[in-house]
Ligand SMILES: Cc1cc2nc3c(=O)[nH]c(=O)nc-3n(C[C@H](O)[C@H](O)[C@H](O)COP(=O)(O)OP(=O)(O)OC[C@H]3O[C@@H](n4cnc5c(N)ncnc54)[C@H](O)[C@@H]3O)c2cc1C
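Residue numbers (the working numbering): 286 to 791.
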């Protein structure tokens, strides 16, 4: 086999162990590692994989937290040589600029390549995340509250199917006909099986399929199981003239206080039309009182340290078209937050790039320090992995889910923090297991939460995807016929099932 390896590929060695893990802290193995620099290289890797029946695991920056990029044998494909970013023809309807980006380009590199006055809105917290990884997970993050997930920012993509067939998909041009998908070189379209309606929430669990939709959207969020992204055309948006943010501190012991403040802010800034605020609520994030204590104990983060103790925190970011729009919106936000029971005197505000960067560092510090703590604990308890949840509920269940979490976590006695995208009713619980017994108790608690949230019509994986770590949740969320339909979609597009075989578990 070795003599016939494509030139961009080599056998794996013991030095590669670090490549075979991601931020889930799970690890795997691979026989070979490939470093494609061109689309032809990817095609050569796929031909080799098919010829030798080897699984293919595409890898971006491996910041994913569901082990999606962790290989289980076969070929691990590293896209770090495919980072090219170039201007693409602008949006024909609006003239907005677009960028053509290779799968290995990072979010930070995409942001740096945006022309002045424009920005790429997806913000999955980790600036090192790659275009391929964000595309495969349909990543979102804080700003997806206003701008939507990655799907809303991809105008076109070039994808290689398992057999190396290139597929050019352009939003608005290449649509399904009902559920029929045209594939190059095939005499007839592939007719996909119908999937049940999706949850009324953010959702990154399983395939996205609706009749007559843009074919591109089936591949975005498919976790590398249906094709490999060779390049993506990214849609940019006008950068807001003014960005500012408020950090307010609701009662940490009462989840209803956070729910009330969230509902009031959403209502006040959701309205459109005459008299509506021209500043838009772009992100709405929450941190429970334990998360704030955790940050104060483990870091010298100045934002966490200036927060009043015993309180939760609510982060609201606003984007405004002009400085004039800002003052009225600031007053409105502070009235709304005061009416919902937070003390305006303790709130922190940011309206300069430096101040906003401090808030951003504060938000990033929490998941990063959770991971670091678990790394420390793993030295004495190697069986520990992060127990992070990623579930979302419909708007009318926010209060219920906050109570569900508070009561269940308190009764369990498990160490934990709760934080995340509360504007989308999408919070991450991170249980911090001290030993293997905590791991088992935490996993059981998540199963209970997941059962309730599925019954409320929520999503069990709203942005991180399923990967290999959350396959049980996909089974908990969808009926057997729905899972069979997803499995059939996979068979139709990846008949040898060589693309990311363990992902999704279907
Ligand atoms: C501290 C922290 C905070 C985070 N916060 C958020 C958040 O707020 N929102 C959010 O959505 N995510 C978040 N994440 C998760 C993660 O950053 C995102 O999922 C990101 O999109 C993964 O990108 P990546 O390049 O690291 O992908 P990887 O982890 O390398 O891969 C992810 C998946 O994409 C597939 N893939 C990679 N490249 C390709 C390709 N070219 N073609 C096909 N498939 C491919 C992989 O096989 C894998 O299944 C966070 C992670 C960390 C560590």
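C-beta atoms are modelled at their ideal positions from N, C-alpha and C, and glycine is treated no differently.
Please find out if some non-hydrogen atom of ligand 1 comes closer than 7 angstroms to the beta-carbon of residue i.
i	result
residue 419	yes
residue 774	no
residue 653	yes
residue 422	yes
residue 345	yes
residue 785	yes
residue 364	yes
residue 410	yes
residue 711	no
residue 650	no
For residue i, name the three-state secondary structure that DSSP assigns.
i	result
residue 699	coil
residue 304	helix
residue 323	coil
residue 624	helix
residue 759	helix
residue 426	strand
residue 447	coil
residue 543	helix
residue 749	coil
residue 686	helix
residue 666	coil
residue 331	helix
residue 405	coil
residue 591	coil
residue 498	coil
residue 516	strand
Rounding to the nearest angstrom, what Cα-Cα distance links residue i and residue j in this structure?
i	j	result
residue 467	residue 720	51 angstroms
residue 356	residue 306	8 angstroms
residue 627	residue 597	10 angstroms
residue 699	residue 630	33 angstroms
residue 529	residue 725	42 angstroms
residue 333	residue 521	36 angstroms
residue 716	residue 670	10 angstroms
residue 473	residue 500	16 angstroms
residue 479	residue 496	8 angstroms
residue 464	residue 694	43 angstroms
residue 614	residue 564	6 angstroms
residue 677	residue 291	43 angstroms
residue 314	residue 363	14 angstroms
residue 523	residue 395	15 angstroms
residue 487	residue 709	7 angstroms
residue 768	residue 761	10 angstroms
residue 420	residue 748	11 angstroms
Report the CB separation of residue i from residue j in whole angstroms; it is logged as a contact under 8 angstroms.
i	j	result
residue 428	residue 567	6 angstroms
residue 655	residue 702	7 angstroms
residue 342	residue 411	At roughly 19 angstroms, the Cβ-Cβ gap does not stay under 8 angstroms, so residue 342 and residue 411 are not in contact.
residue 777	residue 477	7 angstroms
residue 422	residue 750	4 angstroms
residue 442	residue 454	5 angstroms
residue 271	residue 346	Because the chain is modelled from 286 through 791, residue 271 falls outside the range shown and cannot be assessed.
Within its chain, find whatever has a CB closer than 7 angstroms to the CB of residue i; leave out the 5 residues flanking it on each side and keep chain order.
i	result
residue 322	293, 366 and 367
residue 484	742, 743 and 744
residue 727	672, 699, 716 and 718
residue 400	382
residue 545	625 and 626
By Cβ distance, which residues of its chain are closer than 8 angstroms to residue i, with the 5 residues on each side in sequence left out?
i	result
residue 383	372, 373, 374, 375, 376, 440, 518, 519, 520 and 521
residue 547	569, 571, 599, 683, 707 and 708
Starting from the C-beta of residue i, find all residues in its chain whose C-beta is less than 6 angstroms away, skip the five residues before and the five after it, and write them out in chain order.
i	result
residue 493	502 and 506
residue 770	478 and 480
residue 459	500
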